Structures are given as C-alpha cells and as structure tokens.
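Here numbering that gives the first Met the number 0 is used: the first residue of the sequence shown is 0, the next is one more, and so on.
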Amino acid sequence: MTNNEATAQANPQMFEVITYEENVAFSFTSPETGEPDSLEHELTFIWEDTIEEFIKEHGADKPYKIETFKRERARDIFLEQVEGRTDDLIEEVQEEIANKMKFGFEFSGQLHNDD
C-alpha cells in the first residue's frame, strides 16, 4: 500500500511496517587517481516511528509504503527479508570496492587459472 494508511487504521489488530527507498552513496578513495569516488545504490529502509513522524521528517512528498500483516510472525519474516536484501547489497558493494582498490579498476574475472 503506497502512501495510504487507511487499511491499518481500520483494523487495529494489523501489524504494519513503513518502508521507504533511499539512494545511498558508498564512498571510497580511488587507488588509481587518489580521488574520492562513490558507488550509488537504492536501499529500502524501515521507518520505526509513526507515519506522522515520517511525514514530519521527510515531508509529505517522500514516497513510502505501508505493509500490513495479520500476524506478528509474518511481519517479522518481512523485516528479515528486507534486512537480508540490505546486507546482501552491502556485501556486494564491499566486494566491488575491494576489487577496485586491489586492481585499480573494476575486476570480475578469475584470479588464477585452474588448468
């Protein structure tokens, strides 16, 4: 449900999670040029306060989603999935930065020949 909290308010037994997307820059210094560089990726964040506080913090125009769940366990599974995707993306970015730092450019091939 995007920018619409009517369902969760209509049924107080529902568990809700507010999420929003944010473009995040992972900064590093290029070993080749010595200049600052960055990789940008979109991450999903979980807002742990009320929707009113979200709007106060980010403004009414910031897109968000309210996911509603009938059971607490379903909500917890959703939270674990979001956190897992975030962790996976951070690991990918760390690996990409490490490859750039090690070789001075983006490297994605084999390090040795198994023949």
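Virtual Cβ for every residue (Gly too), placed ideally from N, Cα, C.
Here the structure is a predicted model, which is why all the values come from computation and not from measurement.
Can you look up Leu110 in the DSSP assignment and give me helix, strand or coil?
Only weak support exists for where Leu110 lies, its pLDDT of 46 falling under 50; the coordinates are left without a value.
Taking the alpha helix (DSSP H) that Glu56 belongs to, which residues open and close that run?
Segment Ile50 to His57, the alpha helix (DSSP H) holding Glu56.
Beta-carbon contacts of Met100 that lie in its chain and below 8 Å, excluding the five residues immediately before and after
The residues Phe27 and Pro30, in chain order, have a CB closer than 8 Å to that of Met100 in the same chain once the five nearest residues on each side in sequence are set aside.
Quick one: is Ile65 buried, meaning 16 or more other Cβ sit within 10 Å of its Cβ, or exposed?
Ile65 should be labelled buried.
The beta strand (DSSP E) enclosing Ser26, as first and last residue numbers
Start and end: Phe14 to Thr28.
State yes or no: is the C-beta of Val92 within less than 8 Å of the C-beta of Phe25?
Between Val92 and Phe25, the gap from beta carbon to beta carbon is short of 8 Å.
With distances taken Cα to Cα, identify the nearest neighbour of Val16 among Arg84, Ile96 and Asp75.
With distances taken between Cα atoms, Val16 lies closest to Asp75.
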